[in-house]
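Enquirer:
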Amino acid sequence: MLNYFTLNTIAELVCLVVAFACLFNDKSVAWKSTIIYLLAVCVIEFSGIYIKLQGERNSWIYNLLLLFEIGYFSFMFHNLLKPYFNCRPLILSGLAVLSISYVNDLYNHGPNNRHNLTIIVLSVVIILYCLFYFYYLIKDDNYILIKYSAQFWWVAAVLFYYFVQSTVTIFYPALSRILVDPREVFSYVFKIINIVFYATWSYAFICRRWITLK
Numbered sequence: 000m001l002n003y004f005t006l007n008t009i010a011e012l013v014c015l016v017v018a019f020a021c022l023f024n025d026k027s028v029a030w031k032s033t034i035i036y037l038l039a040v041c042v043i044e045f046s047g048i049y050i051k052l053q054g055e056r057n058s059w060i061y062n063l064l065l066l067f068e069i070g071y072f073s074f075m076f077h078n079l080l081k082p083y084f085n086c087r088p089l090i091l092s093g094l095a096v097l098s099i100s101y102v103n104d105l106y107n108h109g110p111n112n113r114h115n116l117t118i119i120v121l122s123v124v125i126i127l128y129c130l131f132y133f134y135y136l137i138k139d140d141n142y143i144l145i146k147y148s149a150q151f152w153w154v155a156a157v158l159f160y161y162f163v164q165s166t167v168t169i170f171y172p173a174l175s176r177i178l179v180d181p182r183e184v185f186s187y188v189f190k191i192i193n194i195v196f197y198a199t200w201s202y203a204f205i206c207r208r209w210i211t212l213k
């Protein structure tokens, strides 16, 4: 049983609980959908651990999680960017590129191998969305108290997570030849970024709840 409760899964569960407490009554469907996304993350994470403990490959279930990521982040960024400009063409273009990438990975590697190309493309697309958000936020004449801005902290966490993830994924082959035990090193790296990511998201949800109540 203890095998299921790691730093990653505990961080995900805590974030899910905070999201449920803060966003369940939120008027925004996009923000409320975060609960469903985090629930999917937790279910897939625990399922992945179970499959691994059975001595079987679990890459396929994380490839399934990619579909949830693509759908959720596309929906959420559409919600965040539409007040600034007509972002539908941008989001639809991102969805088209990601769909092609996913089908390509599925065709070339099958469902049981990690979809590295899609992971990299998704990271690039999400980083692009984040940069669009921060660009328009800087240009916005309206005063925003950053430390209480749920949108700011949500996007900041996403940018941090996907930038580090894409960097590690791209340079993993080269770094593997330098490091003595690359898997252990990268395991610690991902544990750290996961904790920072989910902690920041939890703070963003608390900010969102505070703003809603106010």
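Here numbering that gives the first Met the number 0 is used: the first residue of the sequence shown is 0, the next is one more, and so on. Where a beta carbon is used, it is the ideal one built from N, C-alpha and C, also for glycine. The structure presented is a predicted model; accordingly, all values stated were derived computationally and were not measured.
Quick check: what's the CA-CA separation for residue 133 versus residue 123?
Expert: The count along the sequence shown starts at 1 and reaches residue 133 at position 134. The count along the sequence shown starts at 1 and reaches residue 123 at position 124. Spanning the two alpha carbons is a distance of roughly 15 Å.
Enquirer: Determine whether the beta carbon atoms of residue 141 and residue 56 lie at a separation below 8 Å.
Expert: Reading the sequence shown from its first residue, position 142 is the one you call residue 141. Reading the sequence shown from its first residue, position 57 is the one you call residue 56. Not in contact: residue 141 and residue 56 (Cβ atoms no closer than 8 Å).
Enquirer: Please work out which residues of its chain come closer than 8 Å, Cβ to Cβ, to residue 120, disregarding the five sequence neighbours upstream and downstream, and give them in chain order.
Expert: Here residue 120 corresponds to residue number 121 of the sequence shown, with the count starting at 1. Here the set comprises 96, 97, 100.
Enquirer: Quick one: using the 10 Å Cβ neighbour count with 16 as the cut-off for buried, is residue 22 buried or exposed?
Expert: The residue you call residue 22 lines up with position 23 of the sequence shown. Residue 22 is buried by the Cβ-count criterion.
Enquirer: In this structure, how does DSSP classify residue 150 when only helix, strand and coil are distinguished?
Expert: Looking up residue 150 in the sequence shown gives position 151. Helix at residue 150.
Enquirer: For my contact list, residue 197 and residue 10 are in at a C-beta cut-off of 8 Å; report their separation, rounded to the angstrom.
Expert: What you label residue 197 is simply residue 198 of the sequence shown in a count that begins at 1. What you label residue 10 is simply residue 11 of the sequence shown in a count that begins at 1. At roughly 4 Å, the Cβ-Cβ gap stays under 8 Å, so residue 197 and residue 10 are in contact.
Enquirer: Should the segment 162-181 be called in touch with the segment 198-212, which here means at least 3 C-beta pairs below 8 Å?
Expert: These segments do not touch.
Enquirer: CA-CA distance, residue 40 and residue 153?
Expert: As a first step, residue 40 is located in the sequence shown; it is residue number 41 there, counting from the start. As a first step, residue 153 is located in the sequence shown; it is residue number 154 there, counting from the start. If you take the alpha carbons of residue 40 and residue 153, they lie about 17 Å apart.
Enquirer: Taking the alpha carbon of residue 209 as the point to measure from, which residue in 18, 68, 83, 118 has its own alpha carbon closest?
Expert: Taking the sequence shown and counting its residues from 1, one reaches residue 209 at position 210. Nearest C-alpha to residue 209: 18.
Enquirer: Compute the beta-carbon to beta-carbon distance between residue 160 and residue 192, rounded to the nearest angstrom, for a pair I have assumed lies under 8 Å.
Expert: Position 161 of the sequence shown, counted from the first residue, corresponds to residue 160. Position 193 of the sequence shown, counted from the first residue, corresponds to residue 192. About 6 Å; that satisfies the 8 Å criterion.
Enquirer: Which two residues bound the contiguous alpha helix (DSSP H) that contains residue 103?
Expert: Here residue 103 corresponds to residue number 104 of the sequence shown, with the count starting at 1. Segment 87-108, the alpha helix (DSSP H) holding residue 103.
Enquirer: Mind checking which residues open and close the alpha helix (DSSP H) that includes residue 4?
Expert: On the sequence shown, residue 4 is found 5 positions in, with the first residue counted as 1. Careful: residue 4 lies outside any alpha helix (DSSP H) and carries neither H nor E.
Enquirer: My understanding is that residue 7 touches residue 190, with C-beta atoms under 8 Å, so please give their C-beta distance in whole angstroms.
Expert: One-based indexing of the sequence shown puts residue 7 at position 8. One-based indexing of the sequence shown puts residue 190 at position 191. Confirmed, Cβ separation roughly 6 Å.
Enquirer: Work out the CA separation of residue 47 and residue 54 for me, nearest whole Å.
Expert: Walking along the sequence shown from the start, residue 54 turns up at place 55. Walking along the sequence shown from the start, residue 47 turns up at place 48. Whole-angstrom Cα-Cα distance: 11 Å.
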